[in-house]
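Below is one structure, written out as structure tokens, with a few remarks after it.
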Amino acid sequence: MHPQSWFWRLLAWQAILCVGLVVAAAMLATRSAAAGWSLPRVLLVLLLVALCISAATIWFSLKRLHQPLVELARLARQISAGDGDSVPSSLPGEELSEISGALQLFRGRLEQRGDQVQQNTQRLQTVMASMIEGVLAVGPDHTILLANQAAQRLLDFATSQPQGRSLLEVTRARSVYEAVQHALETTKAVEREFDSPGVQRRVLLLRATRLPGEPCPGVMVVIHDVSELRRLENLRREFVANVSHELKTPLAAIKAYAETLRMGAVNDPENNLAFVLRIEEQAERLHQLILDMLQIARIESGQQTFNIIDVGLAELIDECLAQFADLAAAKQIDLVGELPADELTARGDEEGLRTILSNLVDNAIKYTTTGGEVFIRCQATEETVTIEVKDSGIGIADKELVRIFERFYRVDRARSREMGGTGLGLSIVKNLTQAFGGSVGVVSEPGKGSTFRVTLKRCKPATPAVTASAV
């Protein structure tokens, strides 16, 4: 029964009481007249009796209503405190039956919403942790509300628990603080590019956006690491500048010799042939430069296909010695090769390995002075094989070693151009070696020569099969 039924029951009892009192008053009035009682006295007695009965009825009804309300308040406090598991499935009392059902439905929906919130929170945490971009939420008082792991790493946070702390307290990136301050003062997104703090320097791109609402609840900051992008842009600019410079030199020489011949030197029998030879040399240099550039472009773009097979290194070294024998003899350089004792093979493209070895030997001969030595040998382990080209040339300083494999990089630019080098030989060696799954390195000391080592995967010789003879 609803709690309201007790109210109507109370009214019914009061109505019955009033009717009974009226009847009793009429009866007492008749008898009091016969007995000689005064009417006011009778009415006073009836009034006292009515008040006592009414008070008893009201007290009993309120007691019946008060107990369910107390129980309902206790259950509501349990649910509000999160102790929904202790709520019984049914509550005693006829008055609380419907309220009990409503509480059970409310508790079920509350648990469902709690599970959904927990799942969404876990998903958000997973997404934030897997992002490579730094995400930072900053309040209007510059306190950190949210920060993922990428933001902590990029901004070099001083603590692993930045929530609730001031932005300037956890990072030294002043640009972030200024961007947040600017975003709080405007409705437009703020972008900044700056160098990250910490030991490892990075180029970071920041975008700060003001969160909607009045008053403003804060600013959302997204941070991108654009170090690699900026490095590639610098390489592209340097490549364009180097290509333009390298193409300009032979073209200028060809143009100068051609103009000299056109202006009368073509009829000079003593010099015209020399000028034509110079034009041919510069044209060959230009042709070789273009071929090297095309080869590097194909390798880096993945367009060049390789036939990865087992290549015999003894035959490869023997061919290289024969190829550069005349060039080494012309400079009075001893070109020595130590052929492998067994059939040592490496995994790679045969023509690519030939290019690697040729570029290394050619480079060693160019930078070795008269009377020096260039030595080729192979060293093998169970898994790898290393081709080593050692010379007794001018050597390379330590500060130059980190850039020696870059395109167009020359330790001595004037001497390299004089020798006809394009500055791409070692870069081709590096790209081909990496394409074959290997690595390349160099050890050098100025005045004592250099040693280039190319390490490739080794092909193990097949185990000969054992044939059992029939008895």
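If you count by the numbering used here, then the sequence shown holds residues 1251 to 1721, one letter each, in order.
Glycine included, every Cβ here is placed at the ideal spot set by N, Cα and C.
Counting only runs that start and end within the segment 1419 to 1469, where is the beta strand (DSSP E) found for 3 or more residues in a row? 1440 to 1445, 1453 to 1460
Expressed to the nearest angstrom, what Euclidean distance is found between the alpha-carbon atoms of G1697 and V1430? 56 Å
Endpoints, beta strand (DSSP E) assigned at K1505: First-last for K1505: 1477 to 1512, but that is the alpha helix (DSSP H), not the beta strand (DSSP E).
Taking C-alpha atoms, which residue in V1385, A1596, R1359 lies nearest to T1683? A1596
Is the separation between the beta-carbon of G1448 and that of D1406 shorter than 8 Å? yes
What does the alpha-carbon distance come out to for the pair V1652 and R1627? 24 Å
Look at the alpha carbon of G1598 and the alpha carbon of N1681, and state the distance between them as a whole number of angstroms. 13 Å
Out of T1371, L1456, T1436, which one is the CA nearest neighbour of G1463? T1436
Quick check on the DSSP output: the alpha helix (DSSP H) that includes K1616 runs from which residue to which? 1600 to 1616
DSSP beta-bridge partners for T1634? K1707
Measure the beta-carbon distance from L1541 to P1500 and round it to whole angstroms, keeping in mind my assumption that it falls under 8 Å. Wrong, their Cβ atoms sit about 13 Å apart, outside the cutoff.
Let's test the definition: count the other Cβ atoms within 10 Å of the Cβ of I1559 and tell me whether it reaches 16, buried, or not, exposed. exposed
Around the C-beta of S1694, are 16 or more other C-beta atoms found within 10 angstroms, so that it is buried, or is it exposed? buried
One question on the structure: do R1703 and V1635 come within less than 8 Å of each other, judged by their Cβ atoms? no
Identify, in the order they occur along the chain, each residue of the same chain with its Cβ nearer than 7 Å to the Cβ of N1398, setting aside the five sequence neighbours on each side. M1378, A1379, M1381, G1384, V1385
Would you kindly check if the distance between the Cβ of L1418 and the Cβ of G1468 is under 8 Å? no
Measuring alpha carbon to alpha carbon, tell me which residue in L1539, N1370, L1325 is nearest R1200. The chain is shown from 1251 up to 1721; residue 1200 falls before or after that span and cannot be answered.
Taking Cβ positions, are V1426 and H1432 nearer each other than 8 Å? no
Counting beta carbon pairs with one atom in the segment 1601 to 1609 and one in the segment 1576 to 1589, are three or more of them shorter than 8 Å? no
Going by beta-carbon coordinates alone, are V1692 and I1654 separated by less than 8 Å? yes
Helix, strand or coil, according to DSSP, for A1387 in the structure here? strand
For the segment 1504 to 1513 against the segment 1481 to 1489, are there 3 or more C-beta pairs whose distance is under 8 Å? no
Quick check on the burial criterion: 16 or more other C-beta atoms within 10 angstroms. Buried or exposed for G1643? buried
Within 10 angstroms of its Cβ, does A1458 collect 16 or more other Cβ (buried), or is it exposed? buried
In angstroms, rounded to a whole number, what distance separates the CA positions of A1352 and R1359? 11 Å
Whose CA, out of Q1369, S1416, R1373, lies closest to the CA of D1391? S1416
Using the C-alpha atoms, what's the distance from Q1573 back to L1539? 20 Å
With a 10 Å radius around its C-beta and 16 neighbouring C-beta atoms as the bar for buried, classify D1612 as buried or exposed. buried
Can you say whether A1301 is buried or exposed, counting buried as having 16 or more other CB atoms within 10 angstroms of its CB? One point to set straight first is that residue 1301 is Leu, not Ala, in the sequence displayed. Label assigned to L1301: exposed.
Anyone know if the C-beta pair for T1701 and K1640 falls short of 8 Å? yes
Close beta carbons around V1453, own chain, < 7 Å, minus the five adjacent residues each side: E1443, D1445, V1476, S1477, R1480
Out of curiosity, what's the CA-to-CA distance linking L1497 and L1566? 32 Å
Through-space distance from E1650 to A1637, alpha-carbon basis: Note on residue identity: the sequence assigns Ile, not Ala, to residue 1637. Distance between the alpha carbons of I1637 and E1650 is about 22 Å.
What is the C-beta distance between A1564 and L1585, in whole angstroms, given that I count them as a contact (C-beta under 8 Å)? Between L1585 and A1564 the Cβ distance is about 16 Å, and since that is not below 8 Å, they are no contact.
What residue does the alpha helix (DSSP H) around I1529 start on, and which one ends it? 1522 to 1551
V1721 classed as buried or exposed, judged by whether at least 16 other C-beta atoms fall within 10 angstroms: Low local confidence applies: a pLDDT of 26 at V1721 is under 50, so the model's placement there is unreliable, and no value is given.
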